[in-house]
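Asks: Supplied in structure tokens, the structure appears directly below.
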Amino acid sequence: MTLDLEHHLTFYGAYHHNKINVAIHMVCVPLILITAFTLATYTGTLIELPSWLTVPYLEINLGTLAAFLYSALYLLFEPFAGFILGAFCMGGCAYGNYLRSQNPKSTFQGALILHIASWIMQFIGHGLFEGRAPALMDNLVQAVFLAPMFVWLELLFMFGYRPELQARVEKRVQEELAKMKSSSKNGKAQ
């Protein structure tokens, strides 16, 4: 996977151009991300660190490692937006670790229910509003890593963040949609 943000946003945007589907994703993707980190904390501590190196609620478990990996990736993709999204990932993971330490059974059940319900809502969004299979059907790794960044940038774009990037990506998305529409018509004509 390259670090070409425009390329990845174009890929993801071609699957998410219906406003209702995008709205569903803006709610569900962060829930999926944080609940996945929370569920991954149930591996328990994988690497014991000395107390002076330990950050409260960020012991080294699979959830913390995943949150760190996502944070680093987002920082590489887009420094400003990635830094804030990375802080959200690490903070969400720390909160998941905290909740697990307070009430393991309820936290696991709640995270699992939210996780599954959010995935179902996204598939409904694609089926009813987008009329197209989700991006993960074509490229699982790209879709799973990019969804949070795409949603975050969509939110930032609403507030005027990097309008030149938004315009370039939107133009490329429209070109991709036109290509797909053309291919679809050509396929039906055969």
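Counting in my numbering, the sequence shown runs from 2 upward without gaps. Note that beta-carbon positions come from the ideal geometry of N, C-alpha and C, so glycine has one too. Since the model is a prediction, treat every value here as computed from it, not as a measurement.
For Phe-146 and Ile-61, I'd like the C-alpha separation in whole angstroms.
Replies: Looking up residue 146 in the sequence shown gives position 145. Looking up residue 61 in the sequence shown gives position 60. In this model, Phe-146 and Ile-61 are separated by some 20 angstroms (Cα to Cα).
Asks: Terminal residues of the continuous alpha helix (DSSP H) containing Ser-72?
Replies: Reading the sequence shown from its first residue, position 71 is the one you call residue 72. Residues 63-78.
Asks: Would you give the residue range spanned by the alpha helix (DSSP H) that Phe-12 belongs to?
Replies: Taking the sequence shown and counting its residues from 1, the one referred to as residue 12 is at position 11. Residues 6-14.
Asks: Please report how far the alpha carbon of Ser-102 lies from the alpha carbon of Gly-126, in whole angstroms.
Replies: One-based indexing of the sequence shown puts residue 102 at position 101. One-based indexing of the sequence shown puts residue 126 at position 125. Cα-Cα distance, rounded: 34 angstroms.
Asks: Tell me which residues share the same chain as Thr-108 and place their Cβ nearer than 8 angstroms to its Cβ, disregarding the 5 neighbours each side in the sequence.
Replies: For the purposes of this step, residue 108 is taken as the residue at position 107 of the sequence shown. The residues are Thr-39, Gly-97, Leu-100 and Arg-101.
Asks: Give me the Cβ distance between Leu-137 and Ala-144, rounded to the nearest whole Å; I'm assuming they're in contact under 8 angstroms.
Replies: For this step, residue 137 is matched to residue 136 along the sequence shown. For this step, residue 144 is matched to residue 143 along the sequence shown. Here Leu-137 really is in contact with Ala-144; their C-beta atoms are around 4 angstroms apart, less than 8 angstroms.
Asks: By the DSSP assignment, the alpha helix (DSSP H) with Leu-154 in it spans what residues?
Replies: Residue mapping note: residue 154 aligns to position 153 of the sequence shown, counting from 1. Taken as a continuous stretch (DSSP letters only), the alpha helix (DSSP H) holding Leu-154 covers 141-159.
Asks: How do the segment 22-41 and the segment 115-126 stand: do at least 3 beta-carbon pairs fall below 8 angstroms, yes or no?
Replies: yes
Asks: From Arg-133 to Gly-45, what does the alpha carbon distance come to, in whole angstroms?
Replies: Start at 1 with the first residue of the sequence shown, and residue 133 comes out as number 132. Start at 1 with the first residue of the sequence shown, and residue 45 comes out as number 44. Approximately 38 angstroms, taken between the alpha carbons.
Asks: Tell me where the alpha helix (DSSP H) around Trp-53 begins and ends.
Replies: In the sequence shown, counting from the first residue as 1, residue 53 sits at position 52. Unbroken run through Trp-53: none, as it is neither H nor E.
Asks: If Thr-11 sits next to Val-170, beta carbons under 8 angstroms apart, how far is it from one beta carbon to the other, in whole angstroms?
Replies: As a first step, residue 11 must be located in the sequence shown, where it is residue number 10. As a first step, residue 170 must be located in the sequence shown, where it is residue number 169. That pair is a contact at about 6 angstroms.
Asks: Contact defined as beta carbons within less than 8 angstroms: I believe His-9 pairs with Glu-131. What is the distance between those atoms, to the nearest angstrom?
Replies: Translated into positions along the sequence shown, residue 9 becomes position 8. Translated into positions along the sequence shown, residue 131 becomes position 130. The Cβ separation is near 18 angstroms, so there is no contact.
Asks: Does the separation of the CB atoms of Leu-63 and Leu-47 fall below 8 angstroms?
Replies: What you label residue 63 is simply residue 62 of the sequence shown in a count that begins at 1. What you label residue 47 is simply residue 46 of the sequence shown in a count that begins at 1. Contact flag set, yes.
Asks: Given that a residue counts as buried once 16 or more other Cβ atoms are within 10 Å of its Cβ, and exposed if not, what is Leu-86?
Replies: Taking the first residue of the sequence shown as position 1, residue 86 is located at position 85. With 16 or more Cβ atoms within 10 Å of its Cβ, Leu-86 is classed as buried.
Asks: How would you call Val-28, buried or exposed, if buried means at least 16 neighbouring beta carbons within 10 angstroms?
Replies: In the sequence shown, counting from the first residue as 1, residue 28 sits at position 27. Exposed, since its Cβ has fewer than 16 Cβ neighbours within 10 Å.
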